[in-house]
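First residue of the first sequence: 40, per the working numbering; consecutive thereafter.
Glycine residues also receive a C-beta, built at the ideal position from the N, C-alpha and C atoms.
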Amino acid sequence: MSYYVTTPIYYVNGEPHLGHAYTTIAADVLARHMRQRGEDVFFLTGTDEHGEPVTQAAERLGITPRELGDRNAGRFRELARALNVTNDFFIRTTDPEHAEVVAEVVQRIYDNGHVYEGTYEGWYCPRCADFKTESELEEGNTCPIHKIELELEHEDNWFFRLASFQERLEHLYAERPDFVIPQNRYNEALSFIKGGLRDFSLSRARLKWGVPVPWDRSQVIYVWIDALLNYYSALAYARPGEDLRDRFWPATVHLIGKDILKFHAVIWPAMLMAADIEVPRRVGIHGFLLLGEHKMSKSLGNVIEPFRVVELYGADALRFYVVREVSFGSDGEVSPDGFETRYTTELANEYGNLASRTLAMIDRYRDGIVPEAPPDTALAAAFDQLAEVVRERLDDLELTAALDEIWRRIKELNRFVQEEQPWQLSKDDARAERLDEVLYALAEGLRVVSVLLHPFMPESAERLLAALGREDVSLDCARFGAVPGGATVGELGQLFPRVEAEAPAA
RNA sequence: GGCUCCGUAGCUCAGCGGUUAGAGCGCGCCACUCAUAAUGGCGAGGCCGGUGGUUCGAAUCCACCCGGAGCUACCA
């Protein structure tokens, strides 16, 4: 089965921050998990580089939009690398191949009769060189940035007949209750649709930084139309000489933050319908990572700097933390203290130390060879159906719940050690058989959780599995008792060393 | 204003008609010594936002009130 997962393409008018890292990490967890299952996976991320804010940001820096795009696209690529993310392609909307596909699709929407010439009326700020929305306006119709009084101006541009898709969209939602998840976002999108849709302009007459409208080169395609099409266009040219659209379209899941719900849950499917292209299987929405009381944002200066955390603690620690701390789909608070606590208590003490004590005991009591023994029945019961549950959770985009299932087993293993007291068993030759069972069960349990943890913390899981002498990470072998004893264990060192450093926040 | 959601232990949250309301973190006590001074057990702590109602029975259903959040379209 093919599995195509995307992140939004990130807007290059600013530096990457934890919010970007969050979506990218989540997408990577899914991509890696599906690869474990043996699925045919394509994972896309990239950058959105057109539009007004980019030209403005570039202007402020005294460089061209293209240069700004190059610079920040590079930063987003570095972020993906730092996070140990396995995207199969990195798209930029300034790729000429992307522009070609955009022009093609928009032309088709036009040819299909879903576009007409209209007049956009709005509050125009000459200093911003942009129209302001009603909600942006301040007292007395003034620009929120320049505080000058704005005039109601007109612009002739091209309109997309979104309103005419209302029925088809409602039908889509009725037919596919999981088109948008979680449920509350589905409801939100549906009620928006039911509230009545209005056409909107798909071109901008005053801008130059974008993809030209094919039948009217004096205008440029509205950034969002341009941007959304990345999911489709990338497949056309990611592999030279191959059109991956046959293999991976429609997309399995678009992962997005809640702020861009409508674009993905309403406009995007309508656009695809207008162009006779199949709509994606589903749109998965996650919440915001909050720091203190506020949404994390650069302007508030409360950003946890992902590059810095990775440098100090490693990519796995950050990947783990964001998935573990905030229930995927909801907003949740993150903090340097919270990170510290989870790193120390869970990664170092519970998981890392479980690995240490297990390997040490196998080394000490059985000369570094995992004993061959029948699987302990109590632990076997505790691990029963674990892989299946994790599968289901991830199918439902419940990343946090999936991780929690795994983590409960880690705690179970620590409890098992305490109850069985292998150090006592080792003193009594009559109980050697039980010691074999206990050590095998520990090695096996540790192996299973590590295989399941692999999508979340690939590097650590691999290191641990290598130390256990069993490196297969396919989901099929994530069953307690699936692999017999007999392996020679190796050196591991500290998986998550304690870090005596200042807080990870910037 | 309209629609939707939420208010449960100090903190974050689960439970959503049926025995004495749960988890994690934090706090206190105890046990163990294999391990990154890690681990395990026990305990303290809650008029389940308020008021009325439905019911044999409500944190769980209904109404209203108080408090908070989201959405109510062309910012990416």
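Where the beta strand (DSSP E) through residue i begins and ends
i, result
"S257", "255–260"
"D238", "Neither: D238 is in no beta strand (DSSP E) and is coded neither H nor E."
"R131", "128–131"
Endpoints, the alpha helix (DSSP H) within which residue i is located
i, result
"N269", "269–276"
"L491", "471–492"
"N453", "438–459"
"P308", "307–313"
"G101", "Looking at the DSSP string, G101 is not in any alpha helix (DSSP H), and its letter there is neither H nor E."
"L211", "205–214"
"K233", "222–233"
"D67", "57–75"
"F359", "354–364"
"F287", "284–287"
Assigned exposure category for residue i - 16 Cβ within 10 Å defines buried
i, result
"P135", "exposed"
"H89", "buried"
"M312", "buried"
"P104", "buried"
"K171", "buried"
"Y43", "buried"
"I260", "buried"
"Q258", "buried"
"E444", "buried"
"D87", "buried"
"E459", "buried"
"A399", "exposed"
"A213", "exposed"
"M496", "buried"
"A202", "exposed"
For residue i, the residue or residues it bridges with in DSSP
i, result
"S499", "Looking at the DSSP assignment, S499 forms no beta bridge with any residue, so it has no partner."
"R321", "V292"
"D406", "Note: D406 sits in no beta bridge, so no partner."
"E188", "T181"
"N196", "G157"
"I48", "G85"
"Y382", "Bridge partners of Y382: none, in fact."
"W248", "Answer is none; W248 lacks a bridge partner."
"Y43", "F81"
"W162", "K171, L191"
For residue j and residue i, believed in contact at Cβ under 8 angstroms, the rounded distance
i, j, result
"S465", "L452", "No, S465 and L452 are not in contact; Cβ-Cβ is about 18 angstroms, not under 8 angstroms."
"A290", "P319", "4 angstroms"
"G371", "L328", "7 angstroms"
"V140", "I264", "12 angstroms between Cβ atoms; not a contact."
"R116", "F128", "Not quite, the Cβ-Cβ distance comes to about 11 angstroms (not below 8 angstroms), so this is no contact."
"A412", "K301", "With 8 angstroms as the limit, A412 and K301 do not qualify as a contact, their Cβ atoms being about 57 angstroms apart."
"P47", "L118", "About 14 angstroms separates the two Cβ atoms, so there is no contact after all."
"I343", "P375", "7 angstroms"
Contact test: residue i Cβ vs the ligand FAD heavy atom, cutoff 7 angstroms
i, result
"P523", "No copy of the ligand FAD appears in this structure; indeed no ligand is present at all."
So, do the region 423–437 and the region 344–354 have three or more beta carbon pairs nearer to each other than 8 angstroms?
-> Flag = no, the region 423–437 and the region 344–354 do not touch.
Give a yes or no on contact between the region 316–326 and the region 209–224, applying the rule of three or more CB pairs nearer than 8 angstroms.
-> Between the region 316–326 and the region 209–224 there are three or more C-beta pairs closer than 8 angstroms, enough to call the two in contact.
Using 8 angstroms as the Cβ pair cut-off and three pairs as the minimum, do the region 271–284 and the region 102–122 touch?
-> Taking a cut-off of 8 angstroms for Cβ pairs, the region 271–284 and the region 102–122 do not touch, as fewer than three such pairs fall below it.
The region 508–522 / the region 481–498 touching (three or more Cβ pairs under 8 angstroms) = The region 481–498 and the region 508–522 touch, with three or more beta-carbon pairs separated by less than 8 angstroms.
Would you check if the region 383–391 and the region 529–537 touch, i.e. whether three or more CB-CB distances between them fall below 8 angstroms?
-> Because the criterion of three Cβ pairs below 8 angstroms is met, the region 529–537 and the region 383–391 touch.
The region 237–247 contacting the region 187–205, beta-carbon criterion three pairs below 8 angstroms = Yes, since at least three Cβ pairs between the region 237–247 and the region 187–205 fall closer than 8 angstroms, the two stretches touch.
At least 3 beta-carbon pairs within less than 8 angstroms: the region 302–317 vs the region 200–207 | Flag = yes, the region 302–317 and the region 200–207 touch.
The region 355–362 in contact with the region 45–61 per 3-pair CB rule at 8 angstroms | Using a Cβ-Cβ distance cut-off of 8 angstroms, the region 355–362 and the region 45–61 are in contact, since at least three pairs of beta carbons, one from each stretch, lie closer than that value.
Pair every Cβ in the region 511–528 with every Cβ in the region 484–493, then say whether three or more of these pairs are closer than 8 angstroms.
-> Between the region 511–528 and the region 484–493 there are three or more inter-stretch CB-CB distances shorter than 8 angstroms, so the stretches are counted as touching.
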